[in-house]
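For reference, the structure is listed below as structure tokens.
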Amino acid sequence: MSAPKERKILCLNNISEAGLTKFRKGYSITDKIDEAAGILVRSADMKNMNFHDGLRAIARAGAGVNNIPIERCSDAGIVVFNTPGANANSVKELVIAGLLLASRDIYGGIKWIKENAGNPDVTKLAEKAKKNFSGHEIKGKTLGIIGLGAIGVKVANAAVSLGMNVLGYDPYLSVKSAWMLSPMVKHADTPDEVYAVSDFLTIHVPAMDATRHMINAEAIAKMKEGVKILNFARDVLVDEEAVKDALDSGHVSCYVSDFPNTTSSNMKGAIVLPHLGASTEEAEENCAVMAVLQLQDYLDNGNITNSVNFPETNAGTCGAEARVAILHRNIPAMLSGITSFFGSNGLNIENLINKARGSYAYTLVDISHKMPDDTTERLREINGVLRVRRVKERS
């Protein structure tokens, strides 16, 4: 094989050195987008950015990708990665803290101490005042979980170990999540079943059109009187005006959110944190390492892991004469058009993987012969092809 290609990567946010050191020799960091083969990003808003023709992939060091123009990237043949599960333990621990903050008036007690810190009788006064901050144990209470992905499963298992009754709902529960889930977690067939019995409700689903404001006035009306709602997923999942009304009426007794905004920050009965879910050194390192390794594997080998817009595809390292990566639309006759091209040009296909995801598809082709110089240009002429890349070739 030829020597590994040199590639430049643009970091739009500070990315942990634990991740950047995973790049092989030949990779370097640039501050110029027009020379970057890949971008690493955390929270920077990319929706209005212009992408040059040489940009091949974007890796988000985190789970949410609402700061990236996914559809525009897909149409341009730019693969977008995220790092699901890399920050799951960090978020899980904060959710458990949220449960305790909601069940015990810890915040109110700390605030009282601060307000009375200058009083020489603060110790004696605290003994009298503490009854104002009494709460309830979480042991024996029911925790309802909507969404049993990487974070939801960890929260469920932790809550079981703390003595809670846990009821979960997830119509798309993966085999991996099912294997990891405690057998003590009960499964609901509908969200309404969860709403009806939960003392605490926590949501762990992705932000999509289908999940926007899933916790609304109608859903809240189905919940127990005095329910406590936790949101460590995305603010748009909750209709916070409806939660505000429910807090005012007492139907919801506490709302814990990790997403400060003008509504949540001014709610009576809400505990709002400054988006701390993944803000641990360990989570940032895990996300950076995963993002770098996925980005590098795609650029070097054409493999796709944890992409949000193109299908999971892994052909390992290339042992053939050459490898070609073709990002295309998922339309009829695409695959036959690609294989016919290679056959008509006397290029023997040694290995081929074709995967589809919604409107888009991906084909990795290993061939036994040296490709003509104009191979990629001619492949791009096939209707529906978005991008063609010569991944590897022998010298």
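Here the sequence shown stands for residues 1469 to 1863, where the numbers follow our numbering.
Even for Gly, the Cβ is constructed at its ideal location relative to N, Cα and C.
- Rounded to the nearest angstrom, the gap between the Cα atoms of L1741 and N1769 is 41 Å.
- By a beta-carbon distance limit of 8 Å, V1559 does not contact G1784. Their separation comes to about 32 Å.
- By alpha-carbon distance to E1661, the top candidate from E1708, G1612, M1652, S1650 is G1612.
- Cβ-Cβ separation between K1690 and Y1663: approximately 4 Å, consistent with a contact (criterion under 8 Å).
- Bridge pairing for A1829: H1796, A1824 [DSSP].
- L1763 is bridged by DSSP to nothing; it lacks a bridge partner.
- Burial is judged here by how many other beta carbons sit within 10 angstroms of a residue's own beta carbon; N1699 has at least 16 and is buried.
- In terms of Cβ geometry, N1782 and A1829 do not form a close pair [threshold 7 Å].
- Per DSSP, the continuous beta strand (DSSP E) segment holding I1477 begins and ends at 1475-1479.
- The criterion of a C-beta distance shorter than 7 Å is satisfied by A1793 and V1859.
- In the three-state DSSP reduction, S1571 falls in the helix class (H, G or I).
- Secondary structure note for T1498: it is in no alpha helix (DSSP H), and the uninterrupted beta strand (DSSP E) holding it is 1495-1498.
- Exclusion of the five residues before and after G1718 leaves E1693, G1694 as the residues of its chain whose Cβ lies within less than 8 Å of its Cβ.
- Non-local C-beta neighbours of L1767 in its own chain, meaning closer than 7 Å and more than five positions away in sequence, comprise R1475, A1505, G1506, R1524, A1525, ordered along the chain.
- DSSP, read as helix, strand or coil, puts L1593 in helix.
- In its chain, beyond the 5 residues on either side, H1796, G1852 have a beta carbon closer than 6 Å to the beta carbon of M1802.
- In the DSSP assignment, no residue is bridged to H1520.
- Annotation for F1810: the continuous alpha helix (DSSP H) segment containing it runs 1802-1812.
- Note: K1838 is not bridge-paired with any residue in the DSSP secondary-structure output.
- Looking at the DSSP output, I1507 shares a beta bridge with L1478, I1526.
- In the DSSP secondary-structure assignment, G1553 is not bridged to any residue.
- With respect to A1597, W1580 sits close: the two C-beta atoms are nearer than 7 Å.
- The continuous beta strand (DSSP E) containing A1738 extends over residues 1738-1740.
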